[in-house]
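J.: Got a structure for you, written out below as C-alpha cells; questions coming shortly.
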Amino acid sequence: MIPIHVLNGPNLNLLGTREPGIYGRATLGDIERDLRSQAQGLGVTLDFHQTNHEGELVGLIQDAGAAGAGVLINAAAYTHTSVALRDAISGSGVVAVEVHLSNVHAREAFRHVSLIAPVCAGVICGFGPDSYALGLAALAQLLRAAPASHD
Ligand code: DQA
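Numbering (our numbering), first residue to last: 5 to 155.
What follows is the structure, encoded as C-alpha cells:
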C-alpha cells in the first residue's frame with residue numbers, strides 16, 4: 005500500500021458553510037469520506053489533516069517526508085504567501101500534488117500566484133471536490149511509477 009498524506013490549510017474546516025457560491029456545499033468530512041472510498045481502489049492509505057496554522061503544516065509536510073508518503077495538499081491561502089511551505093516540500097523531498105476547489109486563475113490576481121506550485125509535481129484546480137479525487141488519482145499513479153522506500 006502506498007501512503008498518502010492529505011493536508012488541508014486554513015479555513016477549509018469551514019467548508020460547507022464558507023462562501024458556498026465559490027466552494028460549494030460539501031464539507032471537508034464529505035471530501036475525506038469520498039477520498040477514503042476512492043483510496044481503497046487505488047491501493048493507497050490516507051492520513052487526513054486540516055490545520056489553520058502555517059507552522060503545523062510545515063511539520064505535517066516534514067512528517068510525510070519522514071514516512072516516505074506522498075502529499076496531496078490544499079494549502080488554501082498559504083498557497084499564495086508561504087515560502088516556509090515551499091521550502092518544506094522541497095526540503096523534505098516529498099512528491100506533492102497541489103489542489104484547489106476553486107479555479108484560482110479565474111479569481112483575484114493575488115490567487116494567480118502559487119509559491120508551492122514550482123515544487124509540486126502538478127496542480128489541479130477548479131473542479132470542486134473532484135479536484136481532490138483527480139489529484140489523488142494522479143499522485144497514486146506517480147508514486148506507483150516511481151516507487152519510494154515504502155514499497
Ligand atoms: C482555495 C483557494 C485559495 O485561494 C483560498 O485562499 C482558499 C481555498 C481553494 O481550494 O479553492 O482558502 O485553496
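C-beta atoms are modelled at their ideal positions from N, C-alpha and C, and glycine is treated no differently.
Starting from the N-terminal side, write out each stretch of the beta strand (DSSP E) that is 3 residues or longer and does not extend beyond the segment 60 to 92.
T.: 74 to 78
J.: Would you check whether the ligand DQA has a heavy atom nearer than 7 Å to the C-beta of residue 125?
T.: Position 121 of the sequence shown holds residue 125. False, no ligand heavy atom lies under 7 Å from that Cβ.
J.: Going by C-alpha to C-alpha distance, which of 124, 112, 106 and 128 sits closest to residue 25?
T.: Taking the sequence shown and counting its residues from 1, the one referred to as residue 25 is at position 21. Nearest to residue 25 by C-alpha distance, out of 124, 112, 106 and 128, is 106.
J.: Could you give the distance in angstroms between the alpha-carbon of residue 17 and the alpha-carbon of residue 150?
T.: Locating residue 17 in the sequence shown gives position 13, where the first residue counts as 1. Locating residue 150 in the sequence shown gives position 146, where the first residue counts as 1. Going from the Cα of residue 17 to the Cα of residue 150 covers about 32 Å.
J.: Report, in whole angstroms, the separation of the C-beta atoms of residue 60 and residue 88, which I expect to be a contact under 8 Å.
T.: Sequence index remark: in the sequence shown, residue 60 carries index 56 (1-based). Sequence index remark: in the sequence shown, residue 88 carries index 84 (1-based). Contact between residue 60 and residue 88 fails: their C-beta atoms lie close to 11 Å from each other, not under 8 Å.
J.: Go ahead and label residue 122 buried or exposed: buried means 16 or more other beta carbons lie within 10 angstroms of its beta carbon, across all protein chains shown.
T.: The residue you call residue 122 lines up with position 118 of the sequence shown. Burial call: exposed.
J.: What span of residues does the alpha helix (DSSP H) with residue 144 cover, start to end?
T.: What you label residue 144 is simply residue 140 of the sequence shown in a count that begins at 1. Taken as a continuous stretch (DSSP letters only), the alpha helix (DSSP H) holding residue 144 covers 133 to 149.
J.: Roughly how far, in whole angstroms, is the beta-carbon of residue 130 from the beta-carbon of residue 82, given that I think they are within contact range, below 8 Å?
T.: What you label residue 130 is simply residue 126 of the sequence shown in a count that begins at 1. What you label residue 82 is simply residue 78 of the sequence shown in a count that begins at 1. Their Cβ separation, rounded to whole angstroms, is 19 Å, which puts residue 130 and residue 82 out of contact at 8 Å.
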